[in-house]
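Those letters in the sequence shown? Residues 365 to 1074, by the numbering used here.
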Amino acid sequence: MEISSKEKTQFFSNSIILPVDRSSFKSESSASKEKQSCCGGIKIFLGALSFVYFAKALSGSYLKSTITQIERRFDIPSSLVGVIDGSFEIGNLLIIILVSYFGAKLHRPRIIGAGCLIMSAGTFLIAMPQFFMGRYRYERFPSTINSTINTSPCLQDKSQTPLSALEKSQVKINAGCEKEAGSSMWIYVFLGNLLRGIGETPIQPLGITYLDDYAIEENAALYIGCVQTVAIIGPIFGFLLGSLCAKLYVDIGFVDLDSITLTHKDVQWVGAWWLGYLIAGAISLLAGIPFWFLPKHLPKPESRKDSSTSSEQSKFITEDNKDQHKSYRQQVKIAEMAKFLPSLKNLLGNPVYILYLCASIIQFNSLIGMVTYKPKYIEQQYGQTSSKTNFVIGLINIPAVAFGIFSGGLIMKKFKVNILGAAKLSLGSSFFGYLLLLSLFAMGCENSDVAGLTVSYHGTKVMTDYEQALFSECNSGCSCSKNDWDPICGENGVTYISACLAGCQVSNGTGKNTVFFNCSCVGTLKSPSQSSSAVMGPCQKGNECPKMFLYFLVISVITSYTLSVGGTPGYILLLRCIKPHLKSFAVGIYTLAIRVLAGIPAPVYFGVAIDTTCLKWGSKRCGGRGACRLYDSSALRYMYLGLSLVLGMMSIFFSVAVLWVLRKSSSPQDEILSANGEKGSCGTKSRKDNFANSDHLIQTTYWPEKETRL
């Protein structure tokens, strides 16, 4: 049989097409496998990086929650606690330049893993003093500790106290002095926080760039958004962990808790601050493990292999087939170094950038100071426990901040806000936020009635020096020390610094259940002839204080949200008024300035200012001033809120100047065109020039300590 011409053609065409289809199938199959491999590797890195961001945010916020605990445990003033808090920024600044430049040449995942290891070691080091200092000692009258000896609090004659008890107490004090005389254990906390700062340095610059280099271009923004979201969740768990640990006594597991005479509301109470650092250190250690097993390079997505823009890693790696370009690259590097000073001059010559930088530095001074000492302010102003304070901040304030940051970005996108609109939104956020802060001045509590400090023993307000006012006719027959702090609450609702200064003659019971009778100074306020009693611990704040605390929480949450709304528009403003090739440099200078001029000094001078409001300082066992026991509530409120408000108002003036410069440099026609997306309003440059490759820069920017902005 003959085969027709048509059948032959069909036969040969099928024979020819078949191999082509198989080849195409193989190509698609291999591309699919490569895509799955790429996506799998980048998703593992994304999960590991998100966990690291969670770990570092948790440990950082936990440190904020233990500020008052550290102050009491080491008997140090608030100013020194501020130095400890700022040591994190110091550690970060020590190696940020080296890590940012040389890190891209090396194995980035392993550098991040090494950073986690250092961060974990620093966190463990912070907790170490607890195991070297011995048990926590607090001021208590002997009869409240030893149930076998019932002595008179008012030591009219030294012979009233058994000689063995006095000798035993004195020997213990002398031994403690010999042990603690040459040691300042808070230095370990300082060094540990310094190590935390060093270990945290490579996480942000190397982690984000690694994600951006190997992620599919359209997924990069989503991945970075996931990382930042997890970073905001970290502080919530950090403060909740602080709340849990503050409920536990500092020496839990080492002492009989039934013998502890302190309560949670006592200013000498110290929670198990060290326990949270062990947990945070273990989490940081676990977070670093996956990075040791991740590759130096991941397969690049097909969509980015032919991209004209190379990854950051490829700019530094020299392959064998590129040796001939070595001399050329050296010339390029020398040329880039020569452009540093002109670039810096160009940057500093930009009035919008300089004014916004000044506004940000001043505002971050206000915010960092507020955040650092907010737990102390709530405890001292409203009489709340450390546990409740940390719980409230973690569960209410931080979610408000996160929602504010999200709202700011959503407003920018939904209404297509231009650069002038971003400046207005940032200014409005700051103005209304600090206006709300002004209302907090009216939401404070009055000073507790403390005999000899805030009121006299006759019930009138104290106008003289408190050291002379501590002694009165009612306790003149007692041998009392003005340095003791062992408060008791009299039947008259007045707190007395010690049972001795209250003139109490008899005590009954032990520990927290100790009751004092025949207190001559307590009787003075009621009736001189009546015998009065007192119980252990200070009296509660006034009846209006719980209501004021509720009002404070509501306004504080609204203020936190309002201030946070302006964060994203402000950062967009920063990026959009800089020439494209200077944006990375501008962000680096911005971050450096915030850390050096706000992150380090703000906690220190806020602490110094707060120390000036102290009414009663504690005394160290070997002499010298310890931690503050009692603050002047009104002075603390005006100092804490006033300093934050003054700094905030100063930043607003610079923000107004930014808006004025933008209006002056942009014509009305520019603003109309900008609203339609055709032209930017920063100067006379086109929107296209100003925003070349800006999406990547905006996604990878870092708002310093945004996770803990309250």
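Note that CB positions come from ideal geometry on N, CA and C, so glycine has one too.
These numbers were taken from a predicted model, which means no experiment stands behind them.
*Can you tell me whether E582 is buried or exposed, with buried defined as 16 or more other CB within 10 angstroms of its CB?*
Here the question's residue 582 lines up with position 218 in the sequence shown. Exposed: under 16 other Cβ atoms inside 10 Å.
Exercise. Would the beta-carbon of C903 fall within 8 Å of that of G857?
Worked result: The sequence position of residue 903 within the sequence shown is 539, counting from 1. The sequence position of residue 857 within the sequence shown is 493, counting from 1. For C903 and G857, yes; Cβs fall inside 8 Å.
Item to complete: Determine, using beta carbons only, whether A491 and W633 come nearer to each other than 8 Å.
Response: Sequence index remark: in the sequence shown, residue 491 carries index 127 (1-based). Sequence index remark: in the sequence shown, residue 633 carries index 269 (1-based). No, they are not a contact pair.
Less than 8 Å between the beta carbons of L649 and I408, yes or no?
Position 285 of the sequence shown, counted from the start, is the residue given in the question as residue 649. Position 44 of the sequence shown, counted from the start, is the residue given in the question as residue 408. The answer is no: Cβ separation not under 8 Å.
- Task: Can you give me the Cβ contacts of G1012 inside the same chain, cut-off strictly under 6 Å, excluding the 5 residues immediately before and after it?
- Result: Within the sequence shown, the letter at position 648 stands for residue 1012. The residues are S730, Y798.
Three or more C-beta pairs below 8 Å linking the region 897-915 and the region 743-754: yes
Exercise. So, is A815 buried or exposed, given that buried needs 16 or more other C-beta atoms within 10 angstroms?
Worked result: Here residue 815 refers to the residue found at position 451 of the sequence shown. A815 is buried by the Cβ-count criterion.
Tell me which residues share the same chain as I597 and place their Cβ nearer than 7 Å to its Cβ, disregarding the 5 neighbours each side in the sequence. The count along the sequence shown starts at 1 and reaches residue 597 at position 233. Here the set comprises F418.
*asked:* Rounded to the nearest angstrom, what separates P599 and P967 at their Cα positions?
replied: Working through the sequence shown from its first residue, we reach residue 599 at position 235. Working through the sequence shown from its first residue, we reach residue 967 at position 603. Roughly 19 Å separates the two Cα atoms.
| query | Going by DSSP, which residues form a beta bridge with S871? | reply | The residue you call residue 871 lines up with position 507 of the sequence shown. In the DSSP output, where bridge partners are listed per residue, S871 has F880.
request  = With DSSP collapsed to three states, give me the class of T633.
outcome  = Counting from one through the sequence shown, the residue named residue 633 turns up at place 269. Before going on, a small fix: residue 633 reads as Trp here, not Thr. Here DSSP, grouped into helix, strand and coil, assigns W633 to coil.
> Taking Cβ to Cβ, would you say T1156 is nearer than 8 Å to V463?
Replying inline: Since the displayed the chain opens at 365 and closes at 1074, residue 1156 lies outside it and no answer follows.
ask   = F1017: which of H822, C722, E453, G635 sits nearest, CA to CA?
value = Along the sequence shown, read from residue 1 onward, the residue named residue 1017 stands at position 653. Among H822, C722, E453, G635, the Cα nearest to that of F1017 is on C722.
- prompt: Assuming G479 and G556 make a contact with CB atoms under 8 Å, what is their CB distance in whole Å?
  reply: Taking the sequence shown and counting its residues from 1, one reaches residue 479 at position 115. Taking the sequence shown and counting its residues from 1, one reaches residue 556 at position 192. Actually they are not in contact, since the Cβ atoms of G479 and G556 sit about 15 Å apart, beyond 8 Å.
Let me confirm a value: W550 is counted as buried when at least 16 other C-beta atoms fall within 10 Å, else exposed. Which label applies? Counting from 1 along the sequence shown, the entry for residue 550 is found at position 186. Answer is buried; the Cβ neighbour count reaches 16.
Query raised in the report: Could one say the Cβ of V1025 lies closer than 8 Å to chain B's Cβ atoms, at least one of them?
Result: Note that chain B does not occur in the displayed structure, where there is just one protein chain.
- Taking just the CA atoms, how far does K778 sit from I485? Counting from 1 along the sequence shown, the entry for residue 485 is found at position 121. Counting from 1 along the sequence shown, the entry for residue 778 is found at position 414. Ile is not the amino acid found at residue 485; the sequence shown has Ala there. Between A485 and K778, the C-alpha separation is close to 45 Å.
- Query: What separation, rounded to the nearest whole angstrom, lies between the Cα atoms of L345 and I647?
  - Reply: Residue 345 falls outside the range modelled here, since the chain spans only 365 to 1074, and no answer is possible.
- prompt: Three or more beta-carbon pairs under 8 Å between the region 751-761 and the region 577-594, yes or no?
  reply: no
| query | What are the uninterrupted segments assigned as beta strand (DSSP E) that are 3 or more residues long and contained completely in the region 923-994, given in chain order? | reply | 978-983
With a 10 Å radius around its C-beta and 16 neighbouring C-beta atoms as the bar for buried, classify F554 as buried or exposed. In the sequence shown, residue 554 corresponds to position 190, counting from 1. Per the 10 Å Cβ criterion, buried.
- Reference L711; option with closest CA among E837, S948, G990, V735: Sequence index remark: in the sequence shown, residue 711 carries index 347 (1-based). Checking every option, the nearest Cα to that of L711 belongs to S948.
Practice task
Would you kindly work out how many angstroms separate the C-alpha atoms of G645 and R437, rounded to a whole number?
Solution key: Residue 645 sits at position 281 when you count from the first residue of the sequence shown. Residue 437 sits at position 73 when you count from the first residue of the sequence shown. Their backbone Cα atoms lie some 20 Å apart in a straight line.
Report task. Please go through the same chain and pick out, in chain order, the residues whose beta-carbon is closer than 6 Å to the beta-carbon of M483, but skip the five residues on each side of it. Result -> Here residue 483 corresponds to residue number 119 of the sequence shown, with the count starting at 1. R560, G563, E564, S648, listed in sequence order.
Alpha carbon of T859 to alpha carbon of R501, nearest angstrom = The residue given as residue 859 occupies position 495 in the sequence shown. The residue given as residue 501 occupies position 137 in the sequence shown. Looking at the two C-alpha atoms, the distance is approximately 22 Å.
Between S678 and the rest of its own chain, which residues show a CB-CB distance below 6 Å, the 5 nearest in sequence each way excluded? The sequence position of residue 678 within the sequence shown is 314, counting from 1. With a pLDDT of only 44 at S678, under the threshold of 50, the placement of this residue in the model should not be trusted; the figure read from the coordinates follows. If we look at S678 and ignore the five residues flanking it on each side, it has no Cβ neighbours.
- prompt: For K905, which of helix, strand or coil comes out of DSSP?
  reply: Indexing the sequence shown from 1 puts residue 905 at position 541. Three-state DSSP puts K905 in coil, outside helix and strand.
Quiz prompt | Where I600 sits in the DSSP three-state scheme | solution = Walking along the sequence shown from the start, residue 600 turns up at place 236. Helix.
Is it buried or exposed for L759, if we count other Cβ within 10 angstroms and need 16 for buried?
As a position in the sequence shown, residue 759 is number 395, starting the count at 1. Counting Cβ neighbours within 10 Å, L759 comes out exposed, since fewer than 16 surround it.
For a test of the three-state rule: what should DSSP assign to M483, helix, strand or coil? Taking the sequence shown and counting its residues from 1, the one referred to as residue 483 is at position 119. Correct three-state label for M483: helix.
Original post:
In terms of alpha-carbon separation, which member of P569, I475, I762 lies closest to P654?
Top reply: Your numbering for residue 654 matches position 290 in the sequence shown. Nearest C-alpha to P654: I475.
Q.
Does C844 pass the burial test, meaning 16 or more other C-beta atoms within 10 Å, or should it be called exposed?
A. One-based indexing of the sequence shown puts residue 844 at position 480. Buried, by the Cβ-count rule.
- Delimiting residues of the beta strand (DSSP E) encompassing M900: Locating residue 900 in the sequence shown gives position 536, where the first residue counts as 1. It spans 898-900 - the beta strand (DSSP E) in which M900 sits, taken as one unbroken run.
- Taking buried to mean at least 16 other C-beta atoms within 10 Å of its own C-beta, is G988 buried or exposed? Numbered from 1 along the sequence shown, position 624 holds the residue referred to as residue 988. Exposed.
Among S429, G640, Y720, S442, which residue has its Cα nearest to the Cα of T955?
Taking the sequence shown and counting its residues from 1, one reaches residue 955 at position 591. Looking at the Cα atoms, Y720 is the closest of the given residues.
For G854, the three-state DSSP class (helix, strand or coil): Translated into positions along the sequence shown, residue 854 becomes position 490. Residue state, collapsed to three classes: strand.
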